[in-house]
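**Q** Chains A and B are the protein sequences, given in the same order. Just remember that the numbering used here sits 9 ahead of the position in the first sequence, which is counted from 1. Just remember that the numbering used here sits 9 ahead of the position in the second sequence, which is counted from 1. Before we start, here is the structure in question, set down as structure tokens.
2 protein chains.
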Amino acid sequence: MAGRRPTQKLAPNPGEPSNGPLTAEELQLAVRNHSMPLEALRNDVTPPGLHYLLDHFDIPAVDGESWHLRLGGAVRQSLELNLRALRRAPSISVPVTLECAGNGRSLLKPRPLSQPWMLEAVGTAVWTGVPLAYLLARAGVDEDAVEVSFTGADAGIQGGVHQQYARSLPIDEALRPDVVLAYRMNGTELPLQHGYPLRLVVPGWYGMASVKWLSSIKVLTKPFHGFQQSVAYRYQQDADDAGTPVTWMKVRSLMVPPGIPDFFSRSRFLPAGPVMLTGRAWSGRGAVQRVEVGIDGKWVAAQLDHPAAPFAWSAWSMPWVADPGHHELSCRATDASGATQPLEPVWNYQGMGNNVVQRIKVTVEKAA
Amino acid sequence: MAGRRPTQKLAPNPGEPSNGPLTAEELQLAVRNHSMPLEALRNDVTPPGLHYLLDHFDIPAVDGESWHLRLGGAVRQSLELNLRALRRAPSISVPVTLECAGNGRSLLKPRPLSQPWMLEAVGTAVWTGVPLAYLLARAGVDEDAVEVSFTGADAGIQGGVHQQYARSLPIDEALRPDVVLAYRMNGTELPLQHGYPLRLVVPGWYGMASVKWLSSIKVLTKPFHGFQQSVAYRYQQDADDAGTPVTWMKVRSLMVPPGIPDFFSRSRFLPAGPVMLTGRAWSGRGAVQRVEVGIDGKWVAAQLDHPAAPFAWSAWSMPWVADPGHHELSCRATDASGATQPLEPVWNYQGMGNNVVQRIKVTVEKAA
Chain A
10 MAGRRPTQKL
20 APNPGEPSNG
30 PLTAEELQLA
40 VRNHSMPLEA
50 LRNDVTPPGL
60 HYLLDHFDIP
70 AVDGESWHLR
80 LGGAVRQSLE
90 LNLRALRRAP
100 SISVPVTLEC
110 AGNGRSLLKP
120 RPLSQPWMLE
130 AVGTAVWTGV
140 PLAYLLARAG
150 VDEDAVEVSF
160 TGADAGIQGG
170 VHQQYARSLP
180 IDEALRPDVV
190 LAYRMNGTEL
200 PLQHGYPLRL
210 VVPGWYGMAS
220 VKWLSSIKVL
230 TKPFHGFQQS
240 VAYRYQQDAD
250 DAGTPVTWMK
260 VRSLMVPPGI
270 PDFFSRSRFL
280 PAGPVMLTGR
290 AWSGRGAVQR
300 VEVGIDGKWV
310 AAQLDHPAAP
320 FAWSAWSMPW
330 VADPGHHELS
340 CRATDASGAT
350 QPLEPVWNYQ
360 GMGNNVVQRI
370 KVTVEKAA
Chain B
10 MAGRRPTQKL
20 APNPGEPSNG
30 PLTAEELQLA
40 VRNHSMPLEA
50 LRNDVTPPGL
60 HYLLDHFDIP
70 AVDGESWHLR
80 LGGAVRQSLE
90 LNLRALRRAP
100 SISVPVTLEC
110 AGNGRSLLKP
120 RPLSQPWMLE
130 AVGTAVWTGV
140 PLAYLLARAG
150 VDEDAVEVSF
160 TGADAGIQGG
170 VHQQYARSLP
180 IDEALRPDVV
190 LAYRMNGTEL
200 PLQHGYPLRL
210 VVPGWYGMAS
220 VKWLSSIKVL
230 TKPFHGFQQS
240 VAYRYQQDAD
250 DAGTPVTWMK
260 VRSLMVPPGI
270 PDFFSRSRFL
280 PAGPVMLTGR
290 AWSGRGAVQR
300 VEVGIDGKWV
310 AAQLDHPAAP
320 FAWSAWSMPW
330 VADPGHHELS
340 CRATDASGAT
350 QPLEPVWNYQ
360 GMGNNVVQRI
370 KVTVEKAA
């Protein structure tokens, strides 16, 4: 594993790495939030309930009837819009693959103490709503604007800081035509847990940018320094490292585990013979250009389909003739920037952006 | 904690209890499946994605167009129906609270190794479909029938046994008018992960009875001895105890944790002053008759609403004037059978039916 490791402390605080066993706090987060069972990679579009979900605080109870969005700050004309007004505005529908920035965290050693994701914190949905750029144009962004901040209705404490969840985007990102204020997911009303009545969706960025339960948007002439921007979601080597911000999703591929599982171990079993290995691949940094499948460490190029949209995942497939015995299957994607997935996790202090290749152990049984 | 404890073994097998830390296998199950975040107790009806979900094996890919249900065994006339035919048959809509039989398992010491639920493996949905009794009447059940078995399309290995998930019901239960073969959940098509295209829903029973992805139904003249009936889902004191079957849900209440959470610890913080404590209570054994709320161990009766249906949860509420300091809140329900929730977990070998009272630690802060 690459990256510098801190010396282990006796009583790790949240966010500090641990070599110890899973804690009750991590279990509590794991049962609250959920990832996408890997067999759901079969679906082009992930239904609510299978799409990954990470809610930092509680899901807020927002009354859609009385709710309204405020858009202000460095603009010519502040706006205040209710849900009806937003639904009347021009709309777009964008298929987007969203992945949690902490996906893969629990595979790191030492393990940052937070939501203990394995590899499945991902999903692809079609988000329908108003282009953010349209509302910003209506409000008239001042020339000296540098960022736009987004504040959700979800409140809590993190790192000792009372806060409503809030993040910002650089002004150029906020003005992209595909950044959407979504009130529908997969053609139906936005589910409570995905940000009802309105959420931001930023295609290509890790999920933390796509603020849920939006209550206000503010155009800023100075960079935003909220907790989720300046403290959380940074690539750091240790607690004192200012680090760099987490932004775009790194390239990743995942495979549908073939065969059938053992209930407890999730080990896989399949009969000898031909089997089609399938999965999905995505990147926030440019199109996926290549997916390779590893059979016992030998890499072979997979067939790669075109994605439904620039920031939706691509399906891939590769036929395999499984011979009896134990095998390790893996997959590895490369994107247009030339970036590829590492064979070993790259460690960082918060456990962000671990796009290590997936490995699946399978037992192939002689056909009866 | 009541109940006999087995001596600890060196290498616990799945299902065997452990005093050790959480295992990677339990984490894998915890990130795959999901419970209902407690703030979703606010909703009368739980949306997919918040409703608890336990899928033993993989979610099977069932083609609704070519799928059909076979009903046979000890009947005058076997039936074979496709989804279109089922949708044309008489239908009922039943609001049902479903809870996993293993809810509360991770609070037991030693801890049975399986899905490590805390307290939130529950949900209430409106299930729409064909009454099972209607189809059984159409087929004509033989006079010597004793049980009806249900087999799902989900396949895997558990306890070393290759199997499709299958369970049975006593014939009298199967003929209840409210047992439904559901093709809709909360008014929309049954989600993939909840059993598309058709599942059984048995009001009042723990969730394991409500077989998903139904492929066949068989009327039996002898008791069914499948793995999920004879080995799993039993109240046992040790591995050699034949035990008794898990059937009806025990009485339970849960509270919406008041205030706001700390992200990692989920500790709760709220300002001093009046706050309405709210929650839900249910039982498979008869109506909930009383809910008491404990404030620092002192029990006070809560206001209890009527449920939407005999086997749907009841809302309860109790106003509290929170004074500054640390407090422990809890809730306890009693049903028409006189059964009440225990203050300490009652241990059993598989970790079934742990309806221990919920305890929430809150910090009340002086209002600013």
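Using N, Cα and C, we set each Cβ at its ideal position, and we do this for glycine too.
Would you kindly work out how many angstroms separate the C-alpha atoms of Leu141(B) and Ala183(B), rounded to a whole number?
**A** 7 Å
**Q** Closest by CA to Pro212(A), which one among Val365(A), Leu107(A), Leu59(A) and Arg96(A)?
**A** Checking every option, the nearest Cα to that of Pro212(A) belongs to Leu107(A).
**Q** At 3 residues or longer, what runs of the beta strand (DSSP E) sit wholly inside the stretch 250-277 of chain B?
**A** As far as the stretch 250-277 of chain B is concerned, its whole beta strand (DSSP E) runs of at least 3 residues are 261-264.
**Q** I'd like the list of long-range same chain contacts for Arg294(A), defined as Cβ closer than 8 Å, with 5 residues on each side in sequence excluded.
**A** Gly213, Trp257, Met258, Lys259, Val260, Asp344, Ala345, Ser346 and Ala348
**Q** Between Lys18(A) and the rest of its own chain, which residues show a CB-CB distance below 7 Å, the 5 nearest in sequence each way excluded?
**A** Any reading at Lys18(A) must be qualified, since the residue scores a pLDDT of 37, below 50, and its modelled position is unreliable; the value itself is stated next. Within the same chain, Lys18(A) has close Cβ partners Glu25.
**Q** Residues in its own chain within less than 6 Å of Ala83(A) by CB, not counting five upstream and five downstream?
**A** Asp151, Ala154, Val228 and Thr230
**Q** Pick helix, strand or coil for Asn40(A), following the three-state DSSP scheme.
**A** What sits at residue 40(A) in the sequence shown is Val, not Asn. In the structure shown, the three-state DSSP call for Val40(A) is helix.
**Q** Which residues in chain A have a C-beta closer than 9 Å to the C-beta of Trp126(B)? List them in chain order.
**A** Val40
**Q** How long is the line joining the alpha carbons of Arg289(A) and Ser262(A), rounded to whole angstroms?
**A** 6 Å
**Q** Note down, in chain order, every chain B residue with its Cβ under 7 Å from the Cβ of Gly132(A).
**A** Those do not exist, as Gly132(A) stays about 11 Å from chain B at its closest Cβ, beyond 7 Å.
**Q** Closest Cβ-Cβ distance between Arg261(B) and chain A: below 8 Å?
**A** Not an interface residue.
**Q** Ignoring anything shorter than 3 residues or poking outside the stretch 130-209 of chain B, list the beta strand (DSSP E) runs there in chain order.
**A** When DSSP assignments are scanned along the stretch 130-209 of chain B, the uninterrupted stretches of beta strand (DSSP E) that are 3 or more residues long and fall wholly within it turn out to be 131-140, 156-167, 170-179 and 189-194.
**Q** Check the DSSP bridge columns for Ser326(B) and list the partner residues they point to.
**A** DSSP, once it has assigned bridges, lists Thr287(B) and Gln312(B) as partnering Ser326(B).
**Q** Rounded C-beta distance between Val90(B) and Val265(B)? I'm assuming under 8 Å.
**A** According to the sequence as given, residue 90(B) is Leu; it is not Val. Not confirmed; about 42 Å, so no contact.
**Q** Could you check what DSSP says for Leu90(A) in three-state terms: helix, strand or coil?
**A** strand
**Q** Is the CB of Pro15(A) under 8 Å away from at least one CB in chain B?
**A** Unreliable placement is indicated for Pro15(A), whose pLDDT of 39 sits below 50; the coordinate value is still reported in the next sentence. Chain B, which has no Cβ nearer than 8 Å to the Cβ of Pro15(A), makes this no.
**Q** How long is the line joining the alpha carbons of Ala175(A) and Gln124(A), rounded to whole angstroms?
**A** 19 Å
**Q** Let's test the definition: count the other Cβ atoms within 10 Å of the Cβ of Leu352(A) and tell me whether it reaches 16, buried, or not, exposed.
**A** exposed
**Q** Among residues of its own chain, excluding the 5 on either side of Pro186(A), which ones have a beta-carbon nearer than 7 Å to its beta-carbon?
**A** Pro140 and Ala142
**Q** Would you please state the rounded distance, in angstroms, between the beta carbons of Trp322(A) and Thr32(A)? I believe it to be under 8 Å.
**A** Not confirmed; about 32 Å, so no contact.
**Q** Interface residues of chain B around Ala164(A) at Cβ under 7 Å?
**A** Near Ala164(A) (Cβ distances below 7 Å), the residues of chain B are Ile269.
**Q** Please classify Arg85(B): does DSSP put it in a helix, a strand, or coil?
**A** coil
**Q** Applying the criterion that 16 or more other CB atoms from any shown protein chain within 10 Å of the CB defines a buried residue, is Pro319(B) buried or exposed?
**A** Pro319(B) should be labelled exposed.
**Q** Just confirm the distance between the C-beta atoms of Trp291(A) and Pro69(A), as a whole number of angstroms; I'd bet it's less than 8 Å.
**A** Not really, about 29 Å apart at Cβ, beyond 8 Å.
**Q** Of the choices Arg97(B), Cys109(B), Ala110(B) and Lys375(B), whose alpha-carbon is the least far from that of Gly282(B)?
**A** Lys375(B)
**Q** Buried or exposed: Asp250(A), going by 16 or more other Cβ atoms within 10 Å of its Cβ?
**A** Taking every protein chain shown into account, the CB of Asp250(A) has fewer than 16 other CB atoms within 10 angstroms, so this residue is exposed.
**Q** On the premise that Leu78(A) lies in contact with Ile226(A), defined as a C-beta separation below 8 Å, what is that separation, rounded to the nearest angstrom?
**A** 7 Å
**Q** At a Cβ threshold of 8 Å, is Leu19(A) touching chain B?
**A** Because Leu19(A) carries a pLDDT of 37, less than 50, the predicted location of this residue cannot be relied on, and no value is offered for it.
**Q** Given a threshold of 16 other Cβ atoms within 10 Å of its Cβ, counted over all protein chains shown, does Gln86(A) qualify as buried or as exposed?
**A** exposed
**Q** Could you give the distance in angstroms between the alpha-carbon of Pro270(A) and the alpha-carbon of Cys340(B)?
**A** 38 Å
**Q** When you compare only the Cα positions, how much space is there between Asp305(B) and Gly196(A)?
**A** The straight-line gap from Cα to Cα measures roughly 47 Å.
**Q** Which residues mark the beginning and the end of the alpha helix (DSSP H) in which Ser100(A) is found?
**A** No alpha helix (DSSP H) contains Ser100(A), which DSSP labels as neither H nor E.
**Q** Are there 16 or more other CB atoms within 10 angstroms of the CB of Arg277(B), so buried, or fewer, so exposed?
**A** It is buried - the Cβ of Arg277(B) has at least 16 other Cβ atoms within 10 Å.
**Q** Buried or exposed: which applies to Asn28(B), given that a residue is buried once 16 or more other Cβ atoms fall within 10 Å of its Cβ?
**A** exposed
**Q** Can a CB atom of chain B be found closer than 8 Å to the CB of Arg147(A)?
**A** Cβ-Cβ to chain B under 8 Å: no for Arg147(A).
**Q** Any beta-carbon of chain A closer than 8 Å to the one on Ile369(B)?
**A** no
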